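Since the structure comes first, as structure tokens, the remarks are kept for the end.
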Amino acid sequence: MATTETTAAGIGPVEGGSVYDVDNPAPLIEAPRQRTKKTPRSTRGNFEMGAWLFMRLSGVVLVVLVLGHLLIQLVLDGGVSKIGFAFVAGRWASPFWQVWDLLMLWLAMLHGTNGLRTVINDYAERANTRLWLKGLLYTAAVFTILLGTLVIFTFDPNIR
Amino acid sequence: MATPVLDKVEAESAASPYITVTFRIRRFNPEVSAEAAWQDFTLEIDPKERVLDGLHKIKWDVDGTLTFRRSCAHGICGSDAMRINGKNRLACKTLIKDINPEKPITVEPIKGLTVLKDLVVDMEPFFQAYRDVMPFLITKDTNEPTRERFQTAEDRERFDDTTKCILCAACTSSCPVFWNDGQYFGPAAIVNAHRFIFDSRDEAGEQRLEILNDKDGVWRCRTTFNCTDACPRGIEVTKAIQEVKRALITRRF
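Residue numbers (our numbering), protein chains in the order written: chain A, 1 to 160; chain B, 1001 to 1253.
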């Protein structure tokens, strides 16, 4: 089968060896940005702008929330050694800390998820890889957000 | 004659300004091999000459198969953007003495576009993105050139920086977001949209902003400033992209 042999350089003999012919043409690989029938008519919309704005705004809010959280939990009033079940129970008795922690959870999760979404968009090259990575990412994000929210609202300090 | 030896040395160096420079060029010929490979050429060349002169010497005197684009050779046509010592530059604006001729000078095609042969790439995706932003004057009433369209000096100054673009693709092919899948509009297209969006005579700014509000539009910019560093015309490319982003946000809110 000398006709189907390819050289080390990857160039095979042209005559007679091709599996493609006039009736069965080789698949055409479209160049990027080419306008074809499969190209979506428009991928415009305000989602990317919203995501971009959300990153900036949530970042600013998170600076306050997270730094405040770290300061209260780890530095002030005895530091990390004070944290225990009783400390958490005491904090979540107040709606203020419930709202603080809920806001922090939601903003941090959405901020991080959106950031990873951009990283996947920028670095994953194949559509399938993107799909799976993003599926995994969204599943993890939704799970964490729902679980955290559930705990904040249904926390029972008298649990045995 | 107190210093005959010195005189002789000076005379010799004045007579021969040439130094030995190695050009390490990324060669690719699809008719010979599917693989690209580096090839070294050693030349005697004046360090005050340009990289383009070195490429000419190779093509004209050493290896006629070396393929690259160049037209005006004076930094205006934008044909000879290439990756020289790992940085996108115009070969006709880069002096050999400025890029350390002691070491081999690497010359590669610009990245992110399909290489056709040696240093020649397929520019079609780049120009498609350029055409997409409608880089021409659009007015509502009439496009007929019936009268001069006046503009104040301040209005002209607003977009002066982005009129300098020569479409060499040095910025777009230095952008890591463009390298991934090539769907991002790229800095050059946004710069040329900016040139009309902020032109007081043009009336289709809204349409162009809408085009750049695309999934692969300005919001994919990660402000890495590669484009600003690469621009051989010194355009503040990243700043222009941020101005388009700001215009998009301020027109909504």
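Cβ atoms here follow ideal geometry from the backbone N, Cα and C, with glycine treated the same way. Here the structure is a predicted model, which means the values were calculated and not measured.
Judged by pairs of C-beta atoms under 8 angstroms, the stretch 1083–1095 of chain B touches the stretch 1103–1111 of chain B, as three or more such pairs exist. B:Gln1242 is the residue among B:Gln1242, B:Asp1098, B:Trp1060, B:Arg1026 whose C-alpha sits nearest the C-alpha of Asn1213 (chain B). Of the residues B:Asn1226, B:Ser1173, B:Ala1240, B:Gln1183, the one whose Cα lies closest to the Cα of His1194 (chain B) is B:Ala1240. Excluding the 5 residues flanking it on each side, Asp1080 (chain B) has same chain C-beta neighbours closer than 7 angstroms at Leu1052, Phe1068, Arg1069, Arg1070, Leu1090, Ala1091, Cys1092, in chain order. Taking the Cα positions, Leu133 (chain A) is about 49 angstroms away from Glu1154 (chain B). Using beta-carbon distances, Leu53 (chain A) counts as an interface residue toward chain B, with a partner under 8 angstroms. By the Cβ-count criterion, Ser94 (chain A) is exposed, with fewer than 16 other Cβ atoms from all chains shown falling within 10 Å of its own Cβ. In this structure, Ala1169 (chain B) lies away from Val1115 (chain B), with their beta-carbon atoms at least 8 angstroms apart. Between Asp1118 (chain B) and Phe1028 (chain B) the beta-carbon gap is near 6 angstroms, inside 8 angstroms, which marks them as a contact.
Short of 6 angstroms from the beta carbon of Phe155 (chain A), and not among the five residues preceding or following it, lie these beta carbons of its own chain, in chain order: Trp92. Near chain B, meaning a CB-to-CB distance below 9 angstroms, the residues of the stretch 95–123 of chain A are Thr118, Asn121, Asp122, Tyr123.
In this structure the stretch 1156–1176 of chain B does not touch the stretch 1137–1148 of chain B; the number of beta carbon pairs closer than 8 angstroms is below three. Taking 8 angstroms as the cut-off, the beta carbon of Arg1208 (chain B) is found no closer than this to the beta carbon of Lys1164 (chain B). Under the criterion of beta carbons closer than 8 angstroms, Thr1228 (chain B) and Val1218 (chain B) do not qualify as touching, at roughly 15 angstroms. Chain-ordered listing is empty here: chain A has no CB closer than 7 angstroms to the CB of Leu1043 (chain B), the nearest sitting near 28 angstroms.
Nearest C-alpha to Leu102 (chain A) among A:Val61, A:Asp77, A:Asn128: A:Val61.
DSSP places Asn1085 (chain B) outside both helix and strand once states are collapsed to three, so it counts as coil.
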